[in-house]
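Each remark here refers to the structure printed beneath this line.
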Amino acid sequence: MSQPAAPGANSAPPPEPDPAALFQDAAQTAAYALHRPHYPRELYDAVFDAALPNRRPPFPDLTVVDIATGSGQALGPLPVDFGACVALDVSAAQLAGLPEAVPPT
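Residue numbers (full-length UniProt numbering): 1 to 105.
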């Protein structure tokens, strides 16, 4: 005689959350921003050195794009160092919290 299956033993795992449904309110966005790190200037300088050898900021002739910018902490000095800075994210709530120097897109 076989044992009855435990409740939920044959059920499918819960569906993955839709990333577009995350960060849709200001409270969740603020909590996320509170726990994000800020990066030191030296990190950006190392990236600039690798990507643009023999050049130092500012780069008024260049545009930088931050894809999935979230709350914008990783932008750091980019809005000041580049001629234009574009921030992209699926969350309007996240984009609403960006620094004023960055126009939400």
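Ideal placement from N, C-alpha and C gives every residue a C-beta, glycine not left out.
Euclidean distance between Cα positions of residue i and residue j
i	j	result
Pro79	Pro17	32 Å
Arg41	Pro77	8 Å
Pro48	Arg55	For clarity, residue 48 is Phe in the given sequence; the question names Pro instead. Approximately 8 Å between the Cα atoms of the pair.
Leu75	Ala21	23 Å
Thr63	Gly83	6 Å
Ile67	Val102	13 Å
Outcome for residue i when other beta-carbon atoms lying within 10 angstroms are tallied against a minimum of 16
i	result
Ala87	buried
Leu98	buried
Ser11	exposed
Asp89	buried
Boundaries of the beta strand (DSSP E) in which residue i is found, first to last residue
i	result
Ala87	82 to 88
Span of the alpha helix (DSSP H) around residue i
i	result
Leu62	It is not in any alpha helix (DSSP H) - Leu62 instead sits in the beta strand (DSSP E) that spans 59 to 67.
Arg41	41 to 51
Chain D contact for residue i (CB, 8 Å cutoff)
i	result
Val64	Given the protein chain composition of this structure (a single chain), no chain D is represented.
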